[in-house]
Every structure is written in structure tokens, then in C-alpha cells.
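Our numbering puts the first residue of the sequence shown at 10, with every later residue one more than the last.
Beta carbons: idealized from backbone N, C-alpha and C, even for Gly.
Every value quoted in this text rests on a predicted model; they were computed, and no experiment measured them.
I have placed the structure first, in the form of C-alpha cells, so that the comments after it can refer back to it.
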Amino acid sequence: MKALIIEDEIVAAKALETLLKEIVPKIQILGILQTIDESIEWFQEHERPDLVFMDIHLADGSSFAIFEEVNIACPIIFTTAYDEYALKAFEVNSIDYLLKPINKKDMERALAKYENFSFHPDEGDLLRKILVDIKQEKQQKKTHFLIPEKDKLIPVEVKNLACIYIDTKIVKAITFDHKVYYLEANLDELMQQLDPELFYRANRQYIISKKAIKDITLWFGNKLSVNLNVDVPQRILVSKARVGEFKKWVVSSNQ
Numbered sequence: 010m011k012a013l014i015i016e017d018e019i020v021a022a023k024a025l026e027t028l029l030k031e032i033v034p035k036i037q038i039l040g041i042l043q044t045i046d047e048s049i050e051w052f053q054e055h056e057r058p059d060l061v062f063m064d065i066h067l068a069d070g071s072s073f074a075i076f077e078e079v080n081i082a083c084p085i086i087f088t089t090a091y092d093e094y095a096l097k098a099f100e101v102n103s104i105d106y107l108l109k110p111i112n113k114k115d116m117e118r119a120l121a122k123y124e125n126f127s128f129h130p131d132e133g134d135l136l137r138k139i140l141v142d143i144k145q146e147k148q149q150k151k152t153h154f155l156i157p158e159k160d161k162l163i164p165v166e167v168k169n170l171a172c173i174y175i176d177t178k179i180v181k182a183i184t185f186d187h188k189v190y191y192l193e194a195n196l197d198e199l200m201q202q203l204d205p206e207l208f209y210r211a212n213r214q215y216i217i218s219k220k221a222i223k224d225i226t227l228w229f230g231n232k233l234s235v236n237l238n239v240d241v242p243q244r245i246l247v248s249k250a251r252v253g254e255f256k257k258w259v260v261s262s263n264q
């Protein structure tokens, strides 16, 4: 098996390579690519690999952009710390995804799925179309929420939300002008409706807006503590496993 790794965090890429060689000793890693441009150039100059492992968020943007420039006619297993948009592509094409940090059991499951997966070159066009559709879907996220309050529905602009959180089993949203609203949906449902370039699921209790971040504190156990410019009832911690993804999100462009 000849595999290509597209991952901008070199530590994560090397860990993935080590795990692959442990499970499939004869696997040949054709290269480790870190950017969109580098990946496009590689596919233009090389024959297709048997399998590609691709991080969804690269330092210079979304890996979806690669599909707009080249036809990748081979199976792809995406890797991600948290991204709901790729699921649609995987379901249609039976291409798997791995949630970071990647463990051996999940990798073995993904490789077994690859072994049973019949991929034809013309399906590359279908995959590219699906990924473009997903990107367009991403651009059609909610701009307003209608929030019930007594006998009224209050329109609240999404851009005015500083964070959404769970407080004593109740989902609340706080705006930049410190107003608090009660929401009926859960955090998973809400994250599906929000632009992931603007909002991040920091942990099971909090979704935060990039604009709301005041500063970030290095915390115990290699975690991060995120401080917002609004008051919240609990400290917002990002786990060690998601620190790299979170940092990448903070500095990424919203364009």
C-alpha cells in the first residue's frame, strides 16, 4: 500500500506514520505534505497513491480547496479534531474519517474499511463535487436565531453571540452586550448551524466566538484556559489533545 499524508502539524504527521507502520509494516509513505499549494503541486506531478490521509484544516486554509484544483481519484481518510461538515462526504462515498487523537483501534477500523472499499477513478469527480457542495453549505450558515422570550420571539444576530454554554443543564447564549438568552437546541445541534470559522466547540460545555477571545492562559496538564471578554460561569478549558487544532482555528482567516 502506498499512502500520502497531508497534515500541517509535523508531530501529528509523524505519529500517524508510526501508527500506520505498526499496523501495516509494508506500507510505503510517499510523503508528508503540509499546505494546500504543496498538495496541489504533488498531485499534479505524481501518480495517484492508493490512499490519502488528509487533515481537514491546514495552516493555509481548508483542505477542501485542494479538490477545486486537482482531481484526486483515490480513497481519502480525513483526520480532524472536530468537524461536522466532512461527514456528508464520507457517508456518500463510504470514505472514513478519524477523530484526533487517533488511536490504534480506529485506525484499524478505517484500514479495514479501505480494504473493502471499491473506488473507481470517476468517483474522484463525485467526491470533489460533494466537497464543493459542503463548502457552499458551510457558507449558508445561520445569520440569526429566533429566541423565545416569554410571549415573543427575539431575533438575535449570530455575529453578536460571544458564546453558548450549558449552565445547570440549560443551554444559554450570551451576547457581546452581556444579554443572556435561553436556547432550546443542544450544543451539537447549534454547532451544526454555526460557521466553524467563527465559532469553536471548546469542550462539552462551551461554544465560543473567535471575536470574544480576550486572551489565552497556559494551564495545567498542557491545557489552555480561554478567557473571554464576557463573564461566564466556568473556566473554559481546551484539552491537551485539541490544543493544536484550537490554535490553528484562532489564527485562521475568516475569508
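Applying the criterion that 16 or more other CB atoms from any shown protein chain within 10 Å of the CB defines a buried residue, is residue i buried or exposed?
i: P58; result: buried
i: K109; result: buried
i: Y191; result: exposed
i: A194; result: exposed
i: L246; result: buried
i: R251; result: buried
I think residue i touches residue j, with their Cβ atoms under 8 Å apart; what is that distance to the nearest whole Å?
i: L25; j: I81; result: 18 Å between Cβ atoms; not a contact.
i: D105; j: I86; result: 5 Å
i: L107; j: T88; result: 5 Å
i: I41; j: A22; result: 5 Å
i: I14; j: F62; result: 5 Å
Which residues does DSSP list as the beta-bridge partners of residue i?
i: D224; result: N236
i: H153; result: E166
i: V252; result: Looking at the DSSP assignment, V252 forms no beta bridge with any residue, so it has no partner.
i: Q37; result: K11
i: E158; result: K161
i: I217; result: C172 and Y209
Straight-line CA distance for residue i to residue j?
i: F52; j: H66; result: 18 Å
i: E198; j: Q43; result: 31 Å
i: D186; j: N169; result: 8 Å
i: D176; j: W228; result: 22 Å
i: A74; j: I45; result: 7 Å
i: K35; j: E117; result: 15 Å
i: S234; j: N125; result: 43 Å
i: M10; j: N231; result: 36 Å
i: P84; j: L120; result: 11 Å
i: A221; j: C172; result: 7 Å
i: P242; j: V180; result: 12 Å
i: E56; j: F76; result: 16 Å
Please state whether DSSP places residue i in a helix, a strand or coil.
i: S48; result: helix
i: Q243; result: coil
i: R118; result: helix
i: A98; result: With a pLDDT of only 48 at A98, under the threshold of 50, the placement of this residue in the model should not be trusted; the figure read from the coordinates follows. Note: A98 maps to helix in three-state DSSP.
i: V189; result: strand
i: T89; result: strand
i: F76; result: helix
Give a yes or no on whether 8 Å exceeds the smallest Cβ distance from residue i to chain D.
i: L192; result: Chain labels in this structure do not include chain D; a single protein chain is all it has.
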